[in-house]
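Comments concern the structure below.
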Amino acid sequence: AMTTTTTRDKRCGKEGQYACLETNTTSLINYAQQYSFLCDDELFVNPNGFRCQKRCGPKCQSEIVRNLLRQNGGESLDLQNPHRLINRNDLPLKTSLSNRKWHHPKDSKWREEEITIDIGGEGPHFHFGRNFGDVDAINLNVTDKTSFTNRFEEDSTESTVSSPKTRQKVKRLDAEMSSRDIPNVVYGKAQFLPFSSHFADRIILQNAPLTAKVVKEIERVVKPGGRIEIEGPKEAFMDNLETLMKDLCVFPEPEFWGFPHEDFIQTVERSDEEELSQVSVKIQVPSRFNYRWPRNCAMPKEYWTIKKLE
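For what it's worth, the working numbering labels the leading residue of the sequence shown as 46, then goes sequentially.
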């Protein structure tokens with residue numbers, strides 16, 4: 046017979062209180078005992094102390110990660126040798142904790158918060174007609190300040206911005222955006238991600254260097270069944286982006302785009318390959334993917350061919 050005991054009263058389960066303990070005990074086999082720590086609806090269990098708290102969004106997540114990595118003391122950081130690797134279980138992401146991997150109370154609305162990592166992220170911003178960054182992301186960066194101060198010099202070629210009026214507009218926008226605090230920042234390098242395997246539900250990399258080492262770190266840190274979003278210069282990204290897709294054996298249709306000339310527009314309605322020099326790929330990671338055993342599938346023919354607009 047199975048007996049269920051729940052320690053749930055006014056002294057547990059509410060915000061700031063300890064989570065309530067539910068035990069399921071098989072009378073004949075004591076070692077089969079199952080237990081869960083529960084909080085009231087919409088509250089999450091903090092694994093450090095088993096107290097109930099509200100949703101831990103990106104600000105909360107980044108603060109916990111920085112504390113665990115000892116990044117809040119102002120000391121010099123060795124980003125190539127993180128103090129430790131952060132595990133998902135270090136964060137209050139679940140509405141109940143159980144000693145059995147798949148055991149959760151049937152009468153509870155169990156859920157788990159997602160983790161998004163933006164490699165090189167500087168927070169949401171608008172860049173020549175496209176939106177970059179994500180409001181729900183932990184921004185992994187080597188600094189806590191935005192770096193738009195050199196963007197105009199890098200991007201303001203004749204093929205990018207030809208109007209003096211538009212140039213002045215870009216300069217003004219860059220001046221407004223430069224040296225701002227990066228939200229939800231965690232210090233780190235893409236080649237040495239300070240996270241354990243299968244840490245992130247979603248990884249974003251937009252116009253940050255995509256090297257072979259970064260590809261392997263992305264494969265290690267993303268959860269099976271998670272999502273990867275890569276965006277940047279096609280020629281520079283092509284080889285390592287192919288490696289990533291072949292390892293996963295997933296080849297989503299790429300989006301090609303370029304920087305507009307005069308106006309800040311959302312889409313580019315041109316098919317000139319010189320202008321469509323950027324690529325964006327969104328990858329759904331297979332649920333059975335094992336980063337230790339990459340698939341190395343064959344690349345589809347003419348994958349990088351830009352389709353002409355009719």
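Built from N, CA and C at the ideal position, the CB exists for glycine as well.
- For Ile-328, the closest C-alpha among the options Val-180, Arg-96, Glu-274, Asp-86 is that of Glu-274.
- Within the same chain, Thr-140 come within 6 Å of Arg-156 by CB-CB distance, once the 5 residues on both sides are set aside.
- In terms of Cβ geometry, Asn-176 and Val-230 do not form a close pair [threshold 8 Å].
- The residue from Leu-286, Phe-171, Gln-79 with its alpha-carbon nearest to that of Glu-67 is Gln-79.
- Taking the Cβ atoms as the reference, Ala-235 lies roughly 10 Å from Val-266, outside the contact range of under 8 Å.
- Taking the C-beta atoms as reference points, Phe-301 is found nearer than 8 Å to Val-324.
- Put simply, the backbone Cα of Gln-98 is about 20 Å away from that of Ala-182.
- Per DSSP, Leu-250 is one residue of the beta strand (DSSP E) stretching across 245-251.
- Scanning Phe-240, Glu-280, Cys-105 for the CA closest to the CA of Glu-264 turns up Phe-240.
- Non-local beta-carbon contacts of Asn-285 in its own chain, meaning distances under 7 Å to residues more than five positions away in sequence, involve Leu-255, Thr-256, Ala-257, Val-260 in chain order.
- Per the C-alpha coordinates, the member of Gln-106, Cys-65, Asn-93 positioned closest to Asp-86 is Cys-65.
- DSSP places Lys-234 outside both helix and strand once states are collapsed to three, so it counts as coil.
- With a contact defined as Cβ atoms closer than 8 Å, Gly-61 and Arg-100 miss out at about 15 Å.
- According to the DSSP assignment, Phe-282 belongs to the alpha helix (DSSP H) that extends over 279-293.
- Boundaries of the alpha helix (DSSP H) around Ile-109: 103-113.
- Counting C-beta atoms within 10 angstroms of its own C-beta, Cys-57 has 16 or more neighbours from the protein chains shown and is therefore classed as buried.
- Ranked by how close their Cα comes to the Cα of Pro-92, the residues Arg-225, Leu-124, Leu-142, Lys-346 have Leu-142 in first place.
- Note that the C-beta distance between Asp-292 and Pro-345 is not below 8 Å.
- Sequence-distant Cβ neighbours of Gln-251 in its own chain, meaning closer than 6 Å and more than five residues away, are Phe-177, Glu-276.
- In the DSSP assignment, Ala-257 falls within the alpha helix (DSSP H) that extends over 257-266.
- Secondary structure at Asp-179: coil, using DSSP grouped into helix, strand and coil.
- The C-alpha of Leu-122 lies about 7 Å from the C-alpha of Gln-116.
- Of all alpha-carbon atoms in Arg-111, Thr-288, Val-326, the one lying nearest the alpha-carbon of Cys-342 is that of Thr-288.
- Here Glu-347 is exposed: its Cβ has fewer than 16 other Cβ atoms, across all protein chains shown, within 10 Å.
- Taken through DSSP and simplified to helix, strand or coil, Arg-156 comes out as coil.
- If you ignore the 5 residues before and after Arg-133, its C-beta comes within less than 8 Å of the C-beta of Ile-160, Ser-241, His-243, Phe-244, all in its own chain and listed in chain order.
- With a cutoff of 8 Å on beta-carbon distance, Glu-158 and Leu-138 are scored as near each other.
- With a 10 Å radius around the Cβ and a threshold of 16 neighbouring Cβ atoms, Lys-104 comes out exposed.
- Going by DSSP, Lys-327 is part of the beta strand (DSSP E) stretching over 323-329.
- In the DSSP assignment, the residues bridged to Asn-186 are Tyr-232.
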